[in-house]
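Q:
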Amino acid sequence: MERLRVATFNVNSLRSRLPILERWLLQGEVDVLGLQETKVEDRSFPEDFFRDRGYEVIFRGQKAYNGVAVASRLPMTEVAFGFGDGESPGDEPRMVRCTVGGIKIINSYVPQGKALDHPDYAYKLRFFQRLRALLERDHRPEDFVLWMGDLNVVPTDRDVTHPENKRQHVCVHEGVRMALEDVLSWGLEDVFRRHRPGDGEFSFWDYRVPRALERNIGWRIDHFFATSPLARASTGAFVERELRREERPSDHTAVVADFSL
Numbered sequence: 024m025e026r027l028r029v030a031t032f033n034v035n036s037l038r039s040r041l042p043i044l045e046r047w048l049l050q051g052e053v054d055v056l057g058l059q060e061t062k063v064e065d066r067s068f069p070e071d072f073f074r075d076r077g078y079e080v081i082f083r084g085q086k087a088y089n090g091v092a093v094a095s096r097l098p099m100t101e102v103a104f105g106f107g108d109g110e111s112p113g114d115e116p117r118m119v120r121c122t123v124g125g126i127k128i129i130n131s132y133v134p135q136g137k138a139l140d141h142p143d144y145a146y147k148l149r150f151f152q153r154l155r156a157l158l159e160r161d162h163r164p165e166d167f168v169l170w171m172g173d174l175n176v177v178p179t180d181r182d183v184t185h186p187e188n189k190r191q192h193v194c195v196h197e198g199v200r201m202a203l204e205d206v207l208s209w210g211l212e213d214v215f216r217r218h219r220p221g222d223g224e225f226s227f228w229d230y231r232v233p234r235a236l237e238r239n240i241g242w243r244i245d246h247f248f249a250t251s252p253l254a255r256a257s258t259g260a261f262v263e264r265e266l267r268r269e270e271r272p273s274d275h276t277a278v279v280a281d282f283s284l
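Per my numbering, residue 24 is the first one in the sequence shown, and the count goes up by one each step.
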């Protein structure tokens, strides 16, 4: 049995976070890294940065917004972008799919939604519906499937500070929670909570909140959801809080999950 360490990180501009990534990846512990909000066009993606550090990398992005990537020390196969459902050929670059070491990985940057009455919120709910359809079309619950990324949803009240004040927020509202639950009911479970059931475990601390990290006023919106066979193979999970303390950090930090395969 070998350990596979997988991480997800909304970098909120990849090129701005390269110094942080360089120091972190030098530790040599991350095997597969899913990135979101890379905010870089494909022609300007820093591909050599990853290759020079022993990673294959696949990516799809645009200038200043969105963008996803997966970097892996192991070979990646069955690479695809988006839902592959033909519904919206002009979809924003928010999903990359691949197979690594027998695991079917879906790395997503789900739309934030802006406001409950905004078209982006309807787009967000549709994103979850399309993801459920993708799972039904391409996968089986008995396979090793891992859905990860910045999913912009707080699954339960313990996943956000002061939930009573955020019931109408697009990441907390019962509508988006139900949309997430519909996806999970296909056969996915929360890998992080399998190992970290306590309170105060967050992955995002808003820049606009004074001393949010020090006061731990945060949100858990970056996730790993796995099919039961893969979840049972997980051996641990944790939040890399120190990356949020770095100079010029993202407002998110990396979340890490370990598997024994």
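C-beta: ideal position from N, C-alpha, C; glycine also.
For a minimum of 3 consecutive residues, which ranges assigned as the beta strand (DSSP E) are wholly contained in the region 141-203?
A: Whole beta strand (DSSP E) segments, 3+ residues: 168-173.
Q: Pick out whichever of Arg28, Leu44, Glu204 and Pro112 has its Cα sitting closest to the Cα of Val177.
A: The residue given as residue 177 occupies position 154 in the sequence shown. Among Arg28, Leu44, Glu204 and Pro112, the Cα nearest to that of Val177 is on Glu204.
Q: According to DSSP, is Arg243 helix, strand or coil?
A: For this step, residue 243 is matched to residue 220 along the sequence shown. Reduced to three states, the DSSP call for Arg243 is coil.
Q: Ends of the beta strand (DSSP E) at Ser283?
A: Here residue 283 corresponds to residue number 260 of the sequence shown, with the count starting at 1. Note, Ser283: beta strand (DSSP E), Val278 to Ser283.
Q: Which of the three DSSP states, helix, strand or coil, is assigned to Ser120?
A: The sequence position of residue 120 within the sequence shown is 97, counting from 1. The amino acid occupying residue 120 in the given sequence is Arg; Ser does not appear at that position. Three-state result, Arg120: strand.
Q: Quick one: is Leu139 buried, meaning 16 or more other Cβ sit within 10 Å of its Cβ, or exposed?
A: Start at 1 with the first residue of the sequence shown, and residue 139 comes out as number 116. Under this definition Leu139 is an exposed residue.
Q: Taking C-alpha atoms, which residue in Ser95, Gly125 and Thr179 lies nearest to His162?
A: Translated into the one-based positions of the sequence shown, residue 162 becomes position 139. Closest option to His162, Cα to Cα, is Gly125.
Q: Would you mind sorting Ala94 into buried or exposed? The rule is 16 or more other CB atoms within 10 Å of its CB.
A: Taking the first residue of the sequence shown as position 1, residue 94 is located at position 71. Counting Cβ neighbours within 10 Å, Ala94 comes out buried, since at least 16 surround it.
Q: Between which two residues does the beta strand (DSSP E) carrying Asp213 extend?
A: Reading the sequence shown from its first residue, position 190 is the one you call residue 213. Residues Leu211 to Asp213.
Q: Out of curiosity, what's the CA-to-CA distance linking Pro134 and Val278?
A: If you number the sequence shown from 1, residue 134 lands on position 111. If you number the sequence shown from 1, residue 278 lands on position 255. When rounded, the distance between both Cα atoms is 19 Å.
Q: Opposite His275 in the DSSP bridges: which residues?
A: Residue mapping note: residue 275 aligns to position 252 of the sequence shown, counting from 1. Note: His275 sits in a beta bridge opposite Phe227.
Q: Are there three or more Cβ pairs, one per stretch, closer than 8 Å when the region 71-87 is compared with the region 151-170?
A: Two segments are said to touch when three or more pairs of C-beta atoms, one from each, lie closer than 8 Å; by this definition the region 71-87 does not touch the region 151-170.
Q: State the beta-bridge partners of Gly259 as determined by DSSP.
A: For this step, residue 259 is matched to residue 236 along the sequence shown. Under DSSP, the beta-bridge partners assigned to Gly259 are Asp281.
Q: Between Gly136, His218 and Leu49, which has its C-alpha nearest Gln191's C-alpha?
A: As a first step, residue 191 is located in the sequence shown; it is residue number 168 there, counting from the start. Closest by alpha carbon: Gly136.
Q: Using C-beta distances below 6 Å, list every residue in its chain close to Asp180, excluding the 5 sequence neighbours before and after it, in chain order.
A: Here the question's residue 180 lines up with position 157 in the sequence shown. Once the five neighbours on either side are set aside, the close Cβ partners of Asp180 are Pro186.
Q: If you drop the 5 nearest sequence neighbours on each side, which residues of the same chain put their C-beta closer than 8 Å to that of Pro69?
A: Residue mapping note: residue 69 aligns to position 46 of the sequence shown, counting from 1. Only Leu37, Arg38, Leu41 and Val63 meet the Cβ criterion.
Q: Decide if Glu270 is buried, meaning its Cβ has at least 16 other Cβ atoms within 10 Å, or exposed.
A: Taking the first residue of the sequence shown as position 1, residue 270 is located at position 247. The C-beta of Glu270 has fewer than 16 other C-beta atoms within 10 Å across all chains shown, which makes the residue exposed.
Q: Tell me Tyr132's beta-bridge partners as DSSP assigns them.
A: Stepping through the sequence shown from its first residue, residue 132 is reached at position 109. Partner(s): Asp173.
Q: With DSSP as the reference, label Phe72 as helix, strand or coil.
A: Locating residue 72 in the sequence shown gives position 49, where the first residue counts as 1. Residue state, collapsed to three classes: helix.
Q: Determine the closest residue to Met171 out of Pro272, Gly77 and Ala280, with distance taken between C-alpha atoms.
A: As a first step, residue 171 must be located in the sequence shown, where it is residue number 148. Residue Ala280 is the option with its Cα nearest to Met171.
Q: Helix, strand or coil: how does DSSP classify Trp110 here?
A: For the purposes of this step, residue 110 is taken as the residue at position 87 of the sequence shown. Here the sequence assigns Glu to residue 110, which means Trp is not the residue at that position. In the structure shown, Glu110 adopts coil according to DSSP, grouped into three states.
Q: Rounded to a whole number of angstroms, what is the C-alpha to C-alpha distance between Leu58 and Arg96?
A: Taking the sequence shown and counting its residues from 1, one reaches residue 58 at position 35. Taking the sequence shown and counting its residues from 1, one reaches residue 96 at position 73. Rounded to whole angstroms, Leu58 to Arg96 spans 15 Å at the Cα level.
Q: How would you call Tyr88, buried or exposed, if buried means at least 16 neighbouring beta carbons within 10 angstroms?
A: Here residue 88 is taken as the residue at index 65 of the sequence shown, counted from 1. Tyr88 comes out exposed.
Q: Alpha carbon to alpha carbon, how far is Glu60 from Leu92? Give it in angstroms, no decimals.
A: On the sequence shown, position 69 is the one that residue 92 refers to. On the sequence shown, position 37 is the one that residue 60 refers to. According to the sequence displayed, residue 92 carries Ala and not Leu. So the two alpha carbons sit approximately 9 Å from each other.
Q: So, are the CB atoms of Asp213 and Phe248 less than 8 Å apart?
A: As a working note, residue 213 is residue 190 in the sequence shown. As a working note, residue 248 is residue 225 in the sequence shown. In contact: Asp213 and Phe248 (Cβ atoms closer than 8 Å).
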